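To start, the structure under review is shown below, and the notes come after it.
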Amino acid sequence: MTKPSAGEHTAGEVAERVVGAALGTFDIFAIYVGDRLGYYQLLADHGPITAHELAERASTAERYTREWLEQQAVSGFIIMETPDAGGPHRRFSMRAEYAEALTDRLSLAYVAPLARMLAAASAKISEVAAAHLDGGGVSWEEFGHEMREAQGDMNRPFFAKLLAHEWFPGVPEIHDRLTAGGRVADIGSGFGWSSIGLAVGYDEITVDGFDLDEPSVESSRRHAADAGVADRVRFHAIDAGDPSVEGEFDLVAAFECIHDMPDPVSILATMRRIAADDGIVIVMDEKVAEAFSPDVGEAEQLMYGFSNFICLPDGMSTPHSAGTGAVMRPDTLRRYALEAGFVSIEILPIETDMWRFYRLV
């Protein structure tokens with residue numbers, strides 16, 4: 057969708073746009089509350105339900121619960137089943153498609169983590185504003201556990217359902233290599249879902265995940281154990297740019313993390329160094345346009361939101377950061393790759409709405 061230029065609006069239309077954005081912001085806050093307190097799951101499991109019944113099941117204050125239910129009904133996220141009933145007797149329910157998007161953790165439509173991520177970002181908005189003045193940032197650790205968990209939960213369905221079942225099978229060289237077995241290095245493995253998705257999909261491989269964030273690594277190990285692949289998937293709490301990271305891996309991959317790295321060149325150099333002579337090096341990152349233009353679609357507008365309030369502040373929290381941000385153009389990655397010793401990059405034929413896959417050679 058192309059947006060009109062800033063000069064094509066009256067002041068009143070600008071005000072209407074801001075009010076519309078406020079409505080969306082309040083929806084995000086309400087989704088955060090409904091997700092965190094379990095309201096959506098309870099509505100899906102026990103609706104139609106009254107405010108009193110929901111509050112009782114959720115162990116929440118009924119007055120707040122009723123206000124949340126009414127806001128959600130007004131916003132169209134839930135249905136009021138008894139329009140003629142008085143306040144305490146109104147019953148509310150959720151349509152199946154809304155329940156899937158807001159409660160099914162393995163659905164590709166699952167978006168509740170987005171509300172958690174934005175809530176975690178909004179809690180640090182003052183620090184982000186301060187970083188504009190001093191050039192500092194807000195680290196992943198400062199954003200806190202909800203940000204970590206939200207990032208992991210957002211990507212989990214795609215790594216579980218598509219990575220080893222659709223994306224990599226579409227590239228025969230990668231698929232055949234992993235089907236035959238071998239070693240995989242997952243750089244910036246986060247909560248471990250990419251490593252686990254690969255290990256589940258390719259039962260002959262072993263995976264080593266590397267991430268600097270200790271709480272994420274601890275969560276990854278639990279997730280691997282729960283998935284039954286802990287015997288083939290190991291996680292290491294270490295900076296992937298550390299010279300002590302070594303090995304000869306058949307596949308070295310970095311899924312949606314290079315743009316967050318304060319020193320992406322050193323990370324890419326490590327990926328090149330630990331790849332076997334015939335190893336494959338892959339970077340999955342945001343699918344943004346080749347060059348900046350204000351006339352972009354909503355996907356890139358969303359990427360600029362992530363970049364301004366999460367990714368760039370995280371990257372800038374380290375001194376002498378490259379300051380890449382989420383809107384990493386292909387030419388930027390190409391420059392980083394050349395500086396790291398690669399000869400070129402190529403875009404792989406894996407079609408997604410949000411991400412682009414690069415092979416570095």
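In the working numbering, the protein residues as written are 57 to 417. Heads up, the beta-carbon is just placed ideally off N, CA and C, and yes, glycines get one too. The structure displayed is predicted, hence computed values, not measured ones.
Straight-line Cα distance separating residue j from residue i
| i | j | result |
| --- | --- | --- |
| E354 | I336 | 32 Å |
| V74 | D351 | 19 Å |
| D91 | A168 | 7 Å |
| M57 | H221 | For M57, the predicted model reports a pLDDT of 44, less than 50, meaning its position is unreliable; a value from the coordinates is still stated below. If I take the Cα positions, the gap works out to 30 Å. |
| V417 | L394 | 10 Å |
| R233 | A286 | 21 Å |
| Y414 | I403 | 5 Å |
| E197 | P139 | 46 Å |
| P438 | G257 | What is shown of the chain runs 57 to 417, which leaves residue 438 out entirely. |
| A255 | G265 | 11 Å |
| G208 | A86 | 21 Å |
| P60 | G76 | Residue placement at P60 is flagged as unreliable, the pLDDT there being 49, under the threshold of 50; a coordinate-derived value is accordingly withheld. |
| E72 | S149 | 31 Å |
| D333 | F305 | 9 Å |
| A155 | T388 | 40 Å |
| A418 | P369 | Nothing can be reported for residue 418: it is not among the residues displayed for the chain, which extend from 57 to 417. |
| P144 | G94 | 20 Å |
| F247 | V263 | 14 Å |
| V89 | T235 | 43 Å |
| S276 | I84 | 27 Å |
| A67 | Q127 | 28 Å |
| K217 | M410 | 16 Å |
| V70 | L358 | 19 Å |
| E183 | D190 | 10 Å |
| L79 | R151 | 21 Å |
| H102 | Y96 | 10 Å |
| L324 | A382 | 17 Å |
| D269 | L125 | 37 Å |
| P405 | A157 | 28 Å |
DSSP state of residue i mapped onto helix, strand, coil
| i | result |
| --- | --- |
| E359 | Here the sequence assigns Met to residue 359, which means Glu is not the residue at that position. DSSP places M359 in helix when its eight states are reduced to three. |
| T58 | A caution first: T58 carries a pLDDT of 47, below 50, which makes its placement in the model too unreliable to give a value. |
| I294 | coil |
| M150 | coil |
| T262 | strand |
| V321 | helix |
| L164 | coil |
| A241 | strand |
| V383 | coil |
| G335 | strand |
| F215 | helix |
| M136 | strand |
| R92 | helix |
| M410 | coil |
| F247 | coil |
| D269 | coil |
Sub-8 Å separation of residue i and residue j beta-carbons
| i | j | result |
| --- | --- | --- |
| R290 | G397 | no |
| T326 | G297 | yes |
| M210 | L170 | yes |
| I135 | A129 | yes |
| G193 | A176 | no |
| A107 | T121 | yes |
| D259 | S251 | no |
| L219 | G253 | yes |
Of the residues the options, the one placed nearest residue i, counting alpha carbons only
| i | options | result |
| --- | --- | --- |
| D341 | L394, G226, P228 and R412 | R412 |
| I314 | I294, V301 and V339 | V339 |
| R113 | R239, E270, D190 and L98 | L98 |
| A378 | F365, P386, I366 and Y392 | Y392 |
| A179 | I401, I366 and G381 | I366 |
| H188 | F82, M372 and G244 | M372 |
| R172 | E183, A206 and F215 | A206 |
| H376 | H231, S322, R390 and F362 | S322 |
| T81 | A382, G226 and S131 | S131 |
| P271 | R288, A293 and I261 | A293 |
| E407 | A152, P225, A111 and T374 | P225 |
| R146 | D190, S182 and E109 | E109 |
| P213 | V383, I230, T374 and T159 | T159 |
| D267 | D295, P386 and W249 | D295 |
| R239 | W223, I261, I401 and I230 | I261 |
| I181 | S363, I330, E137 and E64 | S363 |
| M384 | Y360, T374 and P405 | Y360 |
Closer than 7 Å: residue i CB and nearest the ligand FAD heavy atom
| i | result |
| --- | --- |
| D209 | Although the ligand FAD was asked about, the structure shown includes no ligands whatsoever. |
Contact with chain B by residue i, beta-carbon distance below 8 Å
| i | result |
| --- | --- |
| S377 | Of the protein chains in this structure there is only one, and it is not chain B. |
### Message
Count Cβ pairs between the region 314 to 332 and the region 346 to 356 that sit closer than 8 Å; are there 3 or more?
### Response
Contact fails between the region 314 to 332 and the region 346 to 356, because fewer than three Cβ pairs, one in each stretch, are under 8 Å apart.
### Message
Taking 8 Å as the cut-off, does the region 301 to 313 touch the region 276 to 291 (at least 3 CB pairs, one atom from each stretch)?
### Response
Contact annotation: the region 276 to 291 does not touch the region 301 to 313, with fewer than three C-beta pairs closer than 8 Å.
### Task
Report yes or no: do the region 106 to 126 and the region 150 to 167 share at least 3 C-beta pairs separated by less than 8 Å?
Put simply, the region 106 to 126 does not touch the region 150 to 167. Fewer than three CB pairs are less than 8 Å apart.
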